[in-house]
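Enquirer:
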């Protein structure tokens, strides 16, 4: 089978949910919204493009770090295998959504500031000390130096 890997950059739009599967394995899942942005050449203002929503599922080694760092409203970068889940609702409606099984997740440091303290499993631990939303800061294209 061919596996499709991708990297997404977006904002967490749901509180991460930690649960156990029927086999006892733990997973943390959260929804992410990814917007493309472009500069309108006429108005010179930033315009949001369509939004992509997907569920990111984190297993095994990601549990500790994601559990401490990821929260609703935070900017994230996630990399992993992406697939479409197809299902039927209670009303009998066929639906589908995208899900990523993440192999790496991190905070998007272009949109927040964090302080790093140790690593999970070592003497210290990773903890978000400060997250500052930079979405309201200047979004102008970088100038040539």
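In the numbering used here, the protein residues as written are 16 to 160.
For every residue, glycine included, the Cβ atom is placed at its ideal position computed from N, Cα and C.
Remember, predicted model here, so these are calculated numbers, not experimental data.
#1: Start and end of the alpha helix (DSSP H) containing residue 81?
#2: I'd like to know if the segment 102-118 and the segment 52-60 are in contact, where contact means that at least 3 CB-CB pairs between them fall below 8 Å.
#3: So residue 121 packs on residue 26, CB below 8 Å; how close in whole Å?
#4: Could you work out which residue in 53, 115, 69 and 29 is closest to residue 63 when comparing CA atoms only?
#5: Quick one: is residue 128 buried, meaning 16 or more other Cβ sit within 10 Å of its Cβ, or exposed?
#6: With DSSP as the reference, label residue 30 as helix, strand or coil.
#7: How many Å lie between residue 125 and residue 41 at the Cα?
#8: Starting from residue 117 and walking both ways along the beta strand (DSSP E), at which residues does that stretch end?
#9: In this structure, how does DSSP classify residue 20 when only helix, strand and coil are distinguished?
#10: With 16 other CB atoms within 10 Å as the buried threshold, where does residue 141 fall?
#11: Helix, strand or coil for residue 35? Go by DSSP, reduced to three states.
#12: Find out if the Cβ-Cβ distance for the pair residue 32, residue 82 is shorter than 8 Å.
#13: By Cβ distance, which residues of its chain are closer than 6 Å to residue 67, with the 5 residues on each side in sequence left out?
#14: With a threshold of 16 other CB atoms inside 10 Å of the CB of residue 39, please say whether the residue is buried or exposed.
Expert: Looking at the coordinates:
#1: 77-84 is the extent of the alpha helix (DSSP H) around residue 81.
#2: Here the segment 102-118 makes no contact with the segment 52-60; the two share fewer than three CB pairs at distances below 8 Å.
#3: About 14 Å; that fails the 8 Å criterion.
#4: Of 53, 115, 69 and 29, the smallest CA-CA separation from residue 63 is found for 53.
#5: The residue in question, residue 128, is exposed, as its Cβ has fewer than 16 Cβ neighbours within 10 Å.
#6: In the structure shown, residue 30 falls within a coil segment according to DSSP collapsed to helix, strand and coil.
#7: The C-alpha of residue 41 is placed about 30 Å away from the C-alpha of residue 125.
#8: Where residue 117 is concerned, the enclosing beta strand (DSSP E) stretches over 109-122.
#9: Strand, per DSSP.
#10: Unreliable positioning characterises residue 141 in this predicted model, as indicated by a pLDDT of 48, which lies under 50. The coordinate reading is nonetheless provided below. With 16 or more other Cβ atoms within 10 Å, it is buried.
#11: Secondary structure of residue 35 (DSSP, three-state): strand.
#12: It is not a contact, given that the beta carbons lie outside the stated cut-off.
#13: In the same chain as residue 67, and ignoring 5 residues on each side of it, the C-beta atoms closer than 6 Å to its own belong to 49, in chain order.
#14: Exposed, by the Cβ-count rule.
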